[in-house]
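In what follows, a single structure is set out as structure tokens and then discussed.
Residue numbers (the UniProt record's numbering): 1 to 172.
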């Protein structure tokens with residue numbers, strides 16, 4: 001009887017990933033490549049990558065043809081196989097978290113603005129308790145002007161000014 005290494009039950013062979021798993025990983029790399037191509041240059045500069053990958057991403061940004069762009073993204077995905085993608089993913093996750101935090105902050109300010117326009121002095125008092133550095137007089141003036149504009153059917157210029165003032169006062 002011949003010794004068959006595959007039938008050797010005492011030694012475990014490392015399992016190769018399934019074909020489906022390999023396809024999912026390659027698709028994830030292509031999606032990462034597409035995201036790199038679509039990313040603004042200012043953010044792209046923060047991501048560590050090889051010169052070859054940087055050149056491929058720059059080329060992908062210049063290509064306008066759908067099919068050619070798709071091929072280039074596939075090529076970028078291929079290049080990403082030899083890159084340190086976890087560092088890239090971590091930086092992208094940090095960028096996404098920053099964008100989400102900024103969006104939440106803007107939503108809170110919009111809520112304050114809408115509440116001030118609807119409730120008036122009670123909302124202003126609540127805002128002043130939360131942000132003691134704010135001044136009541138400019139808030140009340142902006143609210144009065146915004147209400148006047150809304151009643152007259154004019155564009156909401158004072159509501160925008162109120163939002164800008166809230167953004168300044170809250171540190172943004």
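Positions of the beta carbon are idealized from the N, C-alpha and C atoms, including for glycine. This structure is a prediction, so every number in the text was calculated from the model and none was measured.
To the nearest angstrom, report how far apart residue i and residue j are at their CA atoms.
{"i": "residue 25", "j": "residue 110", "result": "40 Å"}
{"i": "residue 39", "j": "residue 48", "result": "14 Å"}
{"i": "residue 15", "j": "residue 83", "result": "23 Å"}
{"i": "residue 55", "j": "residue 166", "result": "43 Å"}
{"i": "residue 45", "j": "residue 86", "result": "17 Å"}
{"i": "residue 139", "j": "residue 124", "result": "7 Å"}
{"i": "residue 170", "j": "residue 115", "result": "16 Å"}
{"i": "residue 52", "j": "residue 119", "result": "58 Å"}
{"i": "residue 17", "j": "residue 23", "result": "10 Å"}
{"i": "residue 146", "j": "residue 105", "result": "22 Å"}
{"i": "residue 59", "j": "residue 88", "result": "19 Å"}
{"i": "residue 155", "j": "residue 161", "result": "12 Å"}
{"i": "residue 69", "j": "residue 50", "result": "20 Å"}
{"i": "residue 71", "j": "residue 81", "result": "16 Å"}
{"i": "residue 34", "j": "residue 41", "result": "14 Å"}
{"i": "residue 122", "j": "residue 144", "result": "14 Å"}
{"i": "residue 100", "j": "residue 19", "result": "35 Å"}
I believe residue i touches residue j by the beta-carbon criterion, under 8 Å. Please report the beta-carbon distance rounded to the nearest angstrom.
{"i": "residue 149", "j": "residue 157", "result": "6 Å"}
{"i": "residue 91", "j": "residue 37", "result": "That belief does not hold up - the Cβ atoms of residue 91 and residue 37 are roughly 16 Å apart, past 8 Å."}
{"i": "residue 152", "j": "residue 117", "result": "Not quite, the Cβ-Cβ distance comes to about 14 Å (not below 8 Å), so this is no contact."}
{"i": "residue 95", "j": "residue 21", "result": "Their Cβ separation, rounded to whole angstroms, is 27 Å, which puts residue 95 and residue 21 out of contact at 8 Å."}
{"i": "residue 260", "j": "residue 134", "result": "Residue 260 falls outside the range modelled here, since the chain spans only 1 to 172, and no answer is possible."}
Taking 7 Å as the CB-CB limit, is residue i close to chain D?
{"i": "residue 76", "result": "Checking the listed chains, one finds no chain D in this structure; it contains a single protein chain."}
Assign residue i to buried or exposed, taking buried as 16 or more other Cβ atoms, counted over all protein chains shown, within 10 Å of its Cβ.
{"i": "residue 57", "result": "buried"}
{"i": "residue 107", "result": "exposed"}
{"i": "residue 62", "result": "exposed"}
{"i": "residue 131", "result": "exposed"}
{"i": "residue 184", "result": "The requested residue 184 does not occur in the structure, where the chain is confined to residues 1 to 172."}
{"i": "residue 163", "result": "buried"}
{"i": "residue 98", "result": "exposed"}
{"i": "residue 66", "result": "exposed"}
{"i": "residue 93", "result": "exposed"}
{"i": "residue 103", "result": "exposed"}
- Query: Does the region 73-86 come close enough to the region 25-36 to have 3 or more Cβ pairs within less than 8 Å?
  - Reply: yes
- Query: What runs of the beta strand (DSSP E), each 3 residues or longer, lie entirely inside the region 31-76?
  - Reply: none
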